[in-house]
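K.L.:
Line order of the protein sequences matches chains B and G.
Mapping to our numbering: the first sequence position 296 is 296, numbers consecutive.
Take any residue in the second sequence, note its place counting from 1, add 1000, and you have its number in our numbering.
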Amino acid sequence: MATAANSPTESRYRLDQVDADADLMVLNFGPQHPSTHGVFRIKLILDGEIVIRAIPYAGYLHRGVEKLLEKLTYAQGVPIVDKNDYVSPMSNEQALVMAFEKLLKVEVPRRARYLRLIFSELQRIASHLLWLGTFALDMGGALGGGSTVFMYCFRDREGILDLFEAVTGGRFHYNTHTIGGNRHDIPLGWDKRVLAYLDMLEPRIAECESMTTNNSIFVARTQGIGLIDKDLAQGLGLSGPLLRASGVDHDLRRDAPYHAYDEVPVRVMVEQAGDCQARALVRVREMRESIRLVREALAGLPEGGINSGKIIKMPQQFKAQSGQVYAAIETPRGELGTFVIAGGGDKGTAPYRLKIRAPSLHALSALPWILPGHTISDVVVVLGSLDPIMGEVDR
Amino acid sequence: MGYLTDSLRALGTTLRNMRRPATTIPFPQQIREREERFRTSFALLHDENGEELCVACLACERICPSEVIKMKVAPKRESPFSGKRRGYLEDFTLDLTACIYCELCVQVCPTDAIVMTRVPEVPGFDREDLVLTMDKLYANEHAKPLTWATASKLNEMQEPPKVAKVEPAKTEPAKTEPAKSAPAKTEPAAAEPAKPAAVAEAVAQEAP
Chain B
1 MATAANSPTE SRYRLDQVDA DADLMVLNFG PQHPSTHGVF RIKLILDGEI VIRAIPYAGY
61 LHRGVEKLLE KLTYAQGVPI VDKNDYVSPM SNEQALVMAF EKLLKVEVPR RARYLRLIFS
121 ELQRIASHLL WLGTFALDMG GALGGGSTVF MYCFRDREGI LDLFEAVTGG RFHYNTHTIG
181 GNRHDIPLGW DKRVLAYLDM LEPRIAECES MTTNNSIFVA RTQGIGLIDK DLAQGLGLSG
241 PLLRASGVDH DLRRDAPYHA YDEVPVRVMV EQAGDCQARA LVRVREMRES IRLVREALAG
301 LPEGGINSGK IIKMPQQFKA QSGQVYAAIE TPRGELGTFV IAGGGDKGTA PYRLKIRAPS
361 LHALSALPWI LPGHTISDVV VVLGSLDPIM GEVDR
Chain G
1001 MGYLTDSLRA LGTTLRNMRR PATTIPFPQQ IREREERFRT SFALLHDENG EELCVACLAC
1061 ERICPSEVIK MKVAPKRESP FSGKRRGYLE DFTLDLTACI YCELCVQVCP TDAIVMTRVP
1121 EVPGFDREDL VLTMDKLYAN EHAKPLTWAT ASKLNEMQEP PKVAKVEPAK TEPAKTEPAK
1181 SAPAKTEPAA AEPAKPAAVA EAVAQEAP
């Protein structure tokens, strides 16, 4: 690894640098702490209020999804992964379905690719809105933000859930993607509802900005906190907004276009600072970019079928040759990849092994590097800025 | 200094939002209007003669990812209305405690017998209250409004458009694209399996 530090303890604050008389204390942060955004535990070794060392422990939300997907057939797997990253279920479905399509060599019709893009970007807005709300909540109610921004963001996010409900019938567990396309076409007049919603949302993002990223209290609490430099970000395999906030210009939507991103180009938002403020700025700008992408995709939405694969009739209908594929998409949190090893022959109806590469797990792996030296109140801010979703980390 | 002005500005945003209409509703007195496709609970349907539509083909039991559907099949007998021999249900239970509401059972049904409802079940006091028995499922047919989705509607939506089919679910009436993409892809797929058969025939004729 190209970082200056070779291990977390050797970063900026080393154990041997601590005064021998120092009264060190061990604090278990979580697993039931509301600021850990799920069930996650960090063992903090403290000198007074300063963190000397941080050891993260994940695995409290393990549900054996990967094993379950080996038991289920290709046709049955999609509704299960909705529950992985429960803040952006659409992205989960897409990552899994894209891997299966690559494996089974199924083409996706153009209209379905556009619909997937629209769903993916709306989901990105919803996910970032939830993040902005909970991040403001992590800051506490000191600024005009706090629980106020939290409520406003959740109110605006409801609009997207309503839109998804109109298409798929589910508010959260959609099961709208299938191998070869989508299961639901959009109903009549849905695009007008989306455009009206986006027109409503755009000024409200500016409102949230004035209470968070443009607010001097917010800036004071985030600027220079939780620095991840370029080398560390690349060395740890971070992706998504975390990587772009550290000055690495990388986005799968532009660098390895899937869906219809080759026809609707993405402007990638990059910040150089690598601190919590930069991560917040990247996410807020991505929301604006997603609004533009949805508008553009809706304007160019082609006619045609939404499914070119076989319509699901029975569990064993998809048969794969033995082989392995990897497909990745850019979710709100970063690169969500699905690696499938297919067993051929009579075992060809279900994956032999399936591995999900979750961006949140890599984000959490940065904690031992960046937490030492911060106070406990900053631990909450740093953890919030990483935007981890435990369902995805533990799977 | 900046903190004070920023706090006041944030307060201004709060005041502006106070004038906006409330987004929450007093729930038990007032219930949100649900979308046409909104899906929660289940129902089993009868046909126009009042005969059960379910033919006990076990398709939904097989597709269910969480294995919540359990079926007992009655012996086949002749239908009093159509006179055809068909399957009948002896018992059907659907365990809502483990259901993930994925709608796959609705999609695979060959007779549109199982559908979902737009109104959820009333919360119960026992675990048994959450298991939908056959009686409850048939009662839901009239007790609860049903969703838009049935197997035939879902399949029609997913099938590639044949020629210039008028579909209500399309956004733009102008049809410029469909002739290009979908039929072009299906044709080679249909043609390819025919080739090896033709070759095999030719080989078989030459051999004797």
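In this text, a Cβ means the ideal position worked out from N, Cα and C, and glycines have one as well.
Give the secondary structure of E1052 (chain G) by DSSP, where H, G and I count as helix, E and B as strand, and everything else as coil.
P.N.:
Of the three classes helix, strand and coil, the one that applies to E1052 (chain G) here is strand, per DSSP.
K.L.:
Assign F164 (chain B) to one of three DSSP states: helix, strand, or coil.
P.N.:
Helix.
K.L.:
For D138 (chain B) and chain G, any beta-carbon pair shorter than 7 Å?
P.N.:
No - not a single Cβ of chain G is within 7 Å of the one on D138 (chain B).
K.L.:
Q427 (chain B) CB to nearest chain G CB: under 7 Å?
P.N.:
Since the first residue of chain B shown is 1 and the last is 395, residue 427 (chain B) is not available in this structure.
K.L.:
Which class does Q324 (chain B) belong to by DSSP, given the choice of helix, strand or coil?
P.N.:
Here Q324 (chain B) sits in strand by DSSP.
K.L.:
Identify, in the order they occur along the chain, each residue of the same chain with its Cβ nearer than 7 Å to the Cβ of C1109 (chain G), setting aside the five sequence neighbours on each side.
P.N.:
A1059, C1060 and A1151, listed in sequence order.
K.L.:
How should Q1030 (chain G) be labelled, buried or exposed, when 16 other C-beta atoms within 10 angstroms of its C-beta is the threshold for buried?
P.N.:
Per the 10 Å Cβ criterion, exposed.
K.L.:
Could you tell me which residues DSSP pairs with H1046 (chain G) in its beta bridges?
P.N.:
According to DSSP, H1046 (chain G) bridges with G:E1052.
K.L.:
Which partner residues of D1091 (chain G) appear in the DSSP bridge assignment?
P.N.:
Paired residues: G:K1072.
K.L.:
Between D1006 (chain G) and chain B, is there a C-beta pair that is closer than 7 Å?
P.N.:
Yes, contact with chain B.
K.L.:
In chain order, which alpha helix (DSSP H) runs of at least 4 residues are fully inside the region 1122-1149 of chain G?
P.N.:
Fully enclosed alpha helix (DSSP H) runs of 4 or longer: 1134-1143.
K.L.:
Any heavy atom of the ligand ZN within a distance shorter than 6 Å of the CB on S365 (chain B)?
P.N.:
Ligands are entirely absent from the displayed structure, and the ligand ZN is therefore not among its contents.
K.L.:
Chain B beta carbons: is any one of them nearer than 7 Å to that of T1117 (chain G)?
P.N.:
So no, T1117 (chain G) is outside the interface.
K.L.:
Is the beta carbon of E1141 (chain G) closer than 7 Å to that of A1022 (chain G)?
P.N.:
It is not a contact, given that the beta carbons lie outside the stated cut-off.
K.L.:
Contact criterion: CB-CB distance below 7 Å. Does P1120 (chain G) meet it with respect to chain B?
P.N.:
Taking Cβ atoms only, chain B never reaches closer than 7 Å to P1120 (chain G), which makes this a no.
K.L.:
Would you say E1061 (chain G) reaches chain B, if we count a Cβ-Cβ gap shorter than 7 Å as a contact?
P.N.:
Chain B contact via Cβ: absent.
K.L.:
Report buried or exposed for H62 (chain B), applying the criterion of at least 16 other Cβ atoms within 10 angstroms of its Cβ.
P.N.:
Under this definition H62 (chain B) is an exposed residue.
K.L.:
Thinking just about the alpha-carbon of each residue, which of G:K1153, G:L1094 and G:E1090 is nearest to the one in R1127 (chain G)?
P.N.:
The candidate whose alpha carbon is nearest that of R1127 (chain G) is G:L1094.
K.L.:
Just mark A1174 (chain G) as buried or exposed, buried being the case when its beta carbon has 16 or more other beta carbons within 10 Å.
P.N.:
Caution is warranted here: a pLDDT of 45 is assigned to A1174 (chain G), below 50, making its placement in the model unreliable, and no coordinate value can be reported.
K.L.:
Enumerate in chain order the residues of its own chain whose CB-to-CB distance from E66 (chain B) is below 7 Å, with the five nearest sequence positions on each side excluded.
P.N.:
So the list reads L354, K355, I356 and R395, once near-sequence residues are dropped.
K.L.:
Does any residue of chain G have a CB that is nearer than 7 Å to the CB of G391 (chain B)?
P.N.:
Judged by the 7 Å Cβ criterion, G391 (chain B) is not in contact with chain G.
K.L.:
Starting from E335 (chain B), trace the beta strand (DSSP E) both ways and give me its first and last residue.
P.N.:
Run containing E335 (chain B): G334 to A342, per the beta strand (DSSP E) assignment.
K.L.:
If you draw a straight line from the C-alpha of L252 (chain B) to the C-alpha of I329 (chain B), how long is it?
P.N.:
Near 6 Å, if we compare the C-alpha coordinates of I329 (chain B) and L252 (chain B).
K.L.:
Who are the neighbours of P1145 (chain G) on chain B, taking C-beta pairs under 7 Å?
P.N.:
The contacting residues do not exist; P1145 (chain G) stays about 13 Å from chain B at best.
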